[in-house]
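**Student:** Below is one structure. I have some questions about it.
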Amino acid sequence: MAGVDHLRALLKNVLLRQGGDNAVNDTEPHFAQVRMAGLELKAKFDGLEAVVPPPEEKRRRALQKFSRALDLSPVEWRYVFAGLSDDDTAGGTLLQNDDGFRRVHAEVDRRISQQCLVRRDWLALCFSYFSCAEEKPELNQNWQTLRADIDRGFDAVCAREGREKTWMQVVREHRDLFGQKPGERLADEMLGGRANDLSKLESIAQVSGTSWLWRSIFAVVLSRIFMLDEAQFLLRLPQLIKLTEINPLHESSVLGACLTRYAQTKLRAEPHADLLDIALERWGNPQVRTRQNLWLHHVDEPVCTMAVAWLAKQDLNHFFTLLKGEAGVDQSRLFYWLRYAEQMTFTRIVLGRDALYDRSTDFVEFRAKNRMRLSNLGNATAANNAVIMQIGSYYFVEFSATGNACYVYEVDKAPFDPTQRELSLTLDLKRGTLRWKHAPAPYKQGVVDGWLNTFDGNMRALGLSINARGGLASLPVAQGRERFNVPANGGSEIVASPVAQNSGLANKGDTQRALAIKELLRARLGALQVEVLDQSHRGGTLQVQLLEMHPQTDHVLRALGFKPKHSNPLIYWKS
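Under the working numbering, the residues of the sequence shown are numbered 2 to 576, in order.
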């Protein structure tokens, strides 16, 4: 940039000598392209553009020459620097080979001493450092030596470059990544909302999405979540929720920790809309058994129960408020059923034509957020709707139109499947003979009187009561720490992947296999909602479960050796 400024100054002086000040002003617009070129050059030489790691094939060939002790060109040495964590399946990685790594260290040391280590060499070393696949790389002495070489090498590269550049400032800001506790400071900055965009660091320092660094960072994040007292946690919860967007491999662990910590607060009975929405999008509906199993891979049963109760409360409020309008809210029925919401294991809203096609903002948002949990009501007036509630082994069906009784069915004998997309008023929901009428009316709102008292008696006859479960139980903090492998002292050691630990899979190799498949699918298919469950260590199969079909999904999964399950086209498996 200095050269461009010097050239521009010389040209201005020439113009001044020839035509005075006016000449400079008249000609100024012609320097727009020069200014633009200067900015482009500055960005280029500041090194902010992403540097692509050397291709794996070139790294492999260079490593083969290195293993045969052949002479290497400077570029081939760079490929070796980038391939220190590459596993050749025979002798392991160079980081695990003391003799081989000793030669690499000597070459790096020579380049630092002779001031000939260039930025691309340094980035190649960073690539190997951050891509080390060992569960605890800090226990590898060679990895520690590499870390020290990178730290020294950065000073050498900066001295060689001379002028301070933007990429150097980014690295300098995160220099602790090459220290004794890599990721701890960055984790605290993320928790404080000071580091939400890490794209520059990822591209400059060659940090991949599967790096051990993310395990280290999110191990600290999880420990901090369980160190916060209730007030601090609730205050920071919006920022914690944002952290689920940073790395898809650790999204579920952060989400699970937030839900678990929330279940330990006094507000656990109050639905947290953002937490619930993200969990539903990520894991599906916990009221459905197949999806509930997925929830239980990430959180304990009391947390899943809390989420199910949240859904019930939301559905009841939507049904008795949104679908009738504020003026027509049936406060008595809403009050009555909310008392049982924490015992409801399933709820389903069935929309009539008016609610199904209403284009007002509230209805559009409601249908979009609950699109996988709604049914359509047939053979009914356009204004009528229904809600199905399961408590214990019974379904209770209420209708929004006044004058309808509450229909009660035993789950095993119900004449309908509540998860069907189409349900008929007369052929499905009103075929029962057990009907409870909402009469007489209570003498005032908010008290158990009149029909509410009668309903409670009927519920007791079915073996159900308002105090059957005594509310949502609080989780001990120690249980949350144990679930997410958080040390009692809140330490920040690099631990195994939280996603793997929370999945309930015992075999580390199988866990890494599942994570590798998930990362590969995300790379090839983008933001696809997918869960990978590995039960091969128990004599089972490796399964990929999709929430929706992607145009290229079948081709990609078959290429990886998976077969679709005949009974469910959204599940693929391989042995």
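Backbone N, C-alpha and C fix where the C-beta goes; we use that ideal spot for every residue, glycine too. These figures come from a predicted structure and were not determined experimentally.
#1: Assuming contact is defined by CB atoms lying nearer than 8 Å, are Val81 and Phe67 in contact in what I supplied?
#2: Please identify the residue among Trp144, Leu241, Glu231 and Pro565 whose C-alpha is closest to the C-alpha of Val222.
#3: Would you kindly work out how many angstroms separate the C-alpha atoms of Leu192 and Ser217, rounded to a whole number?
#4: Can you give me the C-alpha to C-alpha distance between His31 and Glu252, rounded to a whole angstrom?
#5: Contact defined as beta carbons within less than 8 Å: I believe Trp213 pairs with Cys127. What is the distance between those atoms, to the nearest angstrom?
#6: Can you give, in chain order, each stretch of the beta strand (DSSP E) that sits fully within the region 290 to 328 and has at least 3 residues?
#7: Compare the Cα-Cα distances from Thr627 to each of Lys314, Gly481 and Glu58 and report the closest residue.
#8: State the start and end residues of the unbroken alpha helix (DSSP H) segment that holds Cys407.
#9: Can you tell me whether His556 is buried or exposed? The criterion is at least 16 other CB atoms within 10 Å of its CB, across all chains shown.
#10: Quick check: what's the CA-CA separation for Met169 versus Phe155?
#11: In terms of residue numbering, what span does the alpha helix (DSSP H) encompassing Leu241 cover?
#12: Using alpha carbons as the reference points, say which of Lys137, Val76 and Arg104 lies closest to Tyr124.
#13: Within its chain, find whatever has a CB closer than 7 Å to the CB of Pro263; leave out the 5 residues flanking it on each side and keep chain order.
#14: Verify whether the separation of the beta carbon atoms of Leu339 and Lys370 is less than 8 Å.
#15: From Thr245 to Leu256, what distance separates their C-alpha atoms?
#16: Within this structure, are the beta carbons of Ala383 and Val398 separated by less than 8 Å?
#17: Verify whether the separation of the beta carbon atoms of Leu543 and Ala515 is less than 8 Å.
#18: Nearest-angstrom Cα distance between Tyr337 and Pro570?
#19: Is it right to say Cys117 is buried, meaning 16 or more other beta carbons lie within 10 angstroms of its own, or is it exposed?
#20: Where do the ends of the beta strand (DSSP E) carrying Asp535 lie?
#21: Mark Ala442 as exposed unless 16 or more other C-beta atoms lie within 10 angstroms of its C-beta, in which case mark it buried.
#22: Are there 16 or more other CB atoms within 10 angstroms of the CB of Gln207, so buried, or fewer, so exposed?
#23: Which of helix, strand or coil does DSSP assign to Ile350?
#24: Rounded to whole angstroms, what's the CA-CA distance from Phe364 to Tyr358? Just pull it up for me.
#25: With a cut-off of 8 Å, do at least 3 Cβ pairs link the region 223 to 241 to the region 141 to 157?
#26: Taking the straight line between their C-alpha atoms, what separation do you get for Val158 and Val119?
#27: Have a look at Asp1 and Thr322 and give me their C-alpha separation to the nearest angstrom.
#28: Please name the residue or residues paired with Leu424 in a DSSP beta bridge.
#29: How long is the line joining the alpha carbons of Ala70 and Gly184, rounded to whole angstroms?
#30: What are the boundary residues of the alpha helix (DSSP H) that includes Leu214?
#31: Distance cutoff 8 Å, beta carbons only. Does Arg461 sit that close to anything in chain B?
#32: Leaving out five residues before and five after Arg79 in sequence, what residues of the same chain have Cβ atoms less than 7 Å from its Cβ?
#33: Note down, one range per segment and in chain order, each alpha helix (DSSP H) of at least 4 residues found wholly within the region 129 to 194.
#34: So, under 8 Å CB-CB, Gln233 and Gln332 are touching, yes? Tell me the CB distance rounded to an integer number of Å.
#35: Please check the pair Asn380 and Leu324, which I expect to be a contact at CB under 8 Å, by giving their CB distance rounded to whole angstroms.
#36: By the DSSP assignment, the alpha helix (DSSP H) with Phe82 in it spans what residues?
**Tutor:** A quick look at the data gives this:
#1: yes
#2: Leu241
#3: 14 Å
#4: Any reading at His31 must be qualified, since the residue scores a pLDDT of 49, below 50, and its modelled position is unreliable; the value itself is stated next. Computed Cα separation, rounded: 51 Å.
#5: The Cβ separation is near 13 Å, so there is no contact.
#6: none
#7: Outside the shown range of the chain, which is 2 to 576, sits residue 627, and nothing can be said about it.
#8: Per DSSP, Cys407 belongs to no alpha helix (DSSP H); it is in the beta strand (DSSP E), Cys407 to Glu411.
#9: exposed
#10: 9 Å
#11: Glu231 to Lys243
#12: One point to set straight first is that residue 124 is Leu, not Tyr, in the sequence displayed. Answer by Cα proximity: Val76.
#13: Per the sequence shown, the amino acid found at residue 263 is Tyr instead of Pro. Excluding residues within five positions, the ones whose Cβ falls inside 7 Å are Arg269, His273 and Leu276.
#14: no
#15: 6 Å
#16: no
#17: yes
#18: 41 Å
#19: exposed
#20: Val531 to Asp535
#21: exposed
#22: buried
#23: strand
#24: 8 Å
#25: no
#26: 6 Å
#27: Nothing can be reported for residue 1: it is not among the residues displayed for the chain, which extend from 2 to 576.
#28: Leu378
#29: 36 Å
#30: Trp213 to Met228
#31: Among the chains of the structure shown, chain B does not appear; only one protein chain is present.
#32: Pro55, Arg121, Asp122 and Ala125
#33: 142 to 162, 167 to 174 and 185 to 192
#34: So it is not a contact: roughly 36 Å between Cβ atoms.
#35: Rounded, the Cβ-Cβ distance is 18 Å, inconsistent with contact.
#36: Pro75 to Ala83
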